[in-house]
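Undergrad: Residue numbers (this note's numbering): 18 to 152.
If you want it as structure tokens, here you go:
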């Protein structure tokens, strides 16, 4: 199906989240499609390294047995937010005095361990539960 709709003139972006949960046969299938001449497929994958099994592994290492070397792989490592970055993010989002938000941002950092997605999701939950309101 991908080859039917993808071309260099009309590329297809294939985005797979948490690819580290895939198995070896999934990787083989992905690379089979990507190595087709003029496939027109741009592949983007996220790879979590928070669990012990994947800590320190790069995308290149993950795909080393499946990539015949003709596909360029690029790693983009995103670190967790620091306590200061969480505080700055919350201050910007809530547009309040930074001094008034230190306790809140410290608690949010403790709950999310600096994970940016979890931080934003927790703030969204607070808003949905009327714990944060625009005044």
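Beta carbons are placed, not taken as given, at the ideal position from N, Cα and C, and that holds for glycine.
Using the Cα positions of residue 95 and residue 36, report the straight-line distance between them to the nearest angstrom.
TA: Roughly 16 Å separates the two Cα atoms.
Undergrad: Does DSSP put residue 62 in a helix, a strand or coil?
TA: Strand.
Undergrad: How big is the Cα-Cα spacing for residue 22 and residue 148?
TA: Residue 22 and residue 148: Cα-Cα distance of roughly 46 Å.
Undergrad: Under the DSSP definition of a beta bridge, which residues are partnered with residue 32?
TA: Note: residue 32 sits in a beta bridge opposite 61.
Undergrad: Between the Cα of residue 111 and those of 39, 137 and 40, spot the shortest distance and give me the residue it belongs to.
TA: Looking at the Cα atoms, 137 is the closest of the given residues.
Undergrad: Can you list, in chain order, the residues of its chain with a C-beta nearer than 8 Å to that of residue 26? Leave out the 5 residues immediately preceding and following it.
TA: Answer for residue 26: 57, listed in chain order.
Undergrad: Reducing DSSP to helix, strand and coil, say where residue 21 ends up.
TA: DSSP places residue 21 in helix when its eight states are reduced to three.
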